[in-house]
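Notes follow the structure.
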Amino acid sequence: TTKQNYHFPCTITVMESLGTLSSQQQEGQPKRAQMDFLLGLDMLKRHNCLLDLQDHQLKFKIGEPNKPYLCTPFLHEKDLDVTKGGTKGFDANKANAEIMDAERLKKDDKDDGDEDMKDSK
120 TTKQNYHFPC TITVMESLGT LSSQQQEGQP KRAQMDFLLG LDMLKRHNCL LDLQDHQLKF
180 KIGEPNKPYL CTPFLHEKDL DVTKGGTKGF DANKANAEIM DAERLKKDDK DDGDEDMKDS
240 K
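Counting from 1 along the sequence shown, just add 119 to a position and that's the residue number in the numbering used here.
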């Protein structure tokens, strides 16, 4: 079996990072995923890609008679690290505790604000 390499010319724009998650993260907001690579719809259209949801594959049209598509499987969310937007390594108990703590802090801040308003009257 001979292995062929395929090259798909494309333009890639590298954007500056907004900093680390911890320095940019605002309390109570979801963390941003750090994606390694993301194909936009314009790129998928340009290369005549086919999103085969039944077979869970992304297919690049290469036009060969015996093999019209180069196929790559979708990466399942469970196999993708949490830092990349997946659920691998996700701790539901920890996430729930963080949500509860944030809600408790928000309620405490609101209660403190209500007491300050009463004291000023």
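Glycine included, each C-beta is placed from N, C-alpha and C at the ideal position. These figures come from a predicted structure and were not determined experimentally.
Residue closest to residue i, alpha-carbon to alpha-carbon, out of the options
| i | options | result |
| --- | --- | --- |
| D171 | F193, E217, K164 | F193 |
| L163 | R223, F179, H175 | F179 |
| E196 | D228, L189, G205, D231 | G205 |
| C168 | F127, V201, K229 | F127 |
| N124 | D161, I181, G159, R165 | I181 |
Inter-residue CB distance, residue i and residue j (contact presumed, cutoff 8 Å)
| i | j | result |
| --- | --- | --- |
| D198 | K207 | 6 Å |
| Q173 | C190 | Actually they do not touch by this definition, with Cβ atoms about 13 Å apart. |
Residue span of the beta strand (DSSP E) that contains residue i, given as start and end
| i | result |
| --- | --- |
| F164 | A quick correction: the sequence has Lys, not Phe, at residue 164. No beta strand (DSSP E) holds K164; the alpha helix (DSSP H) holding it covers 160-165. |
| D198 | Per DSSP, D198 belongs to no beta strand (DSSP E) and is neither H nor E. |
| Y188 | 188-192 |
| K207 | Neither: K207 is in no beta strand (DSSP E) and is coded neither H nor E. |
| D171 | 169-171 |
| Q176 | 176-180 |
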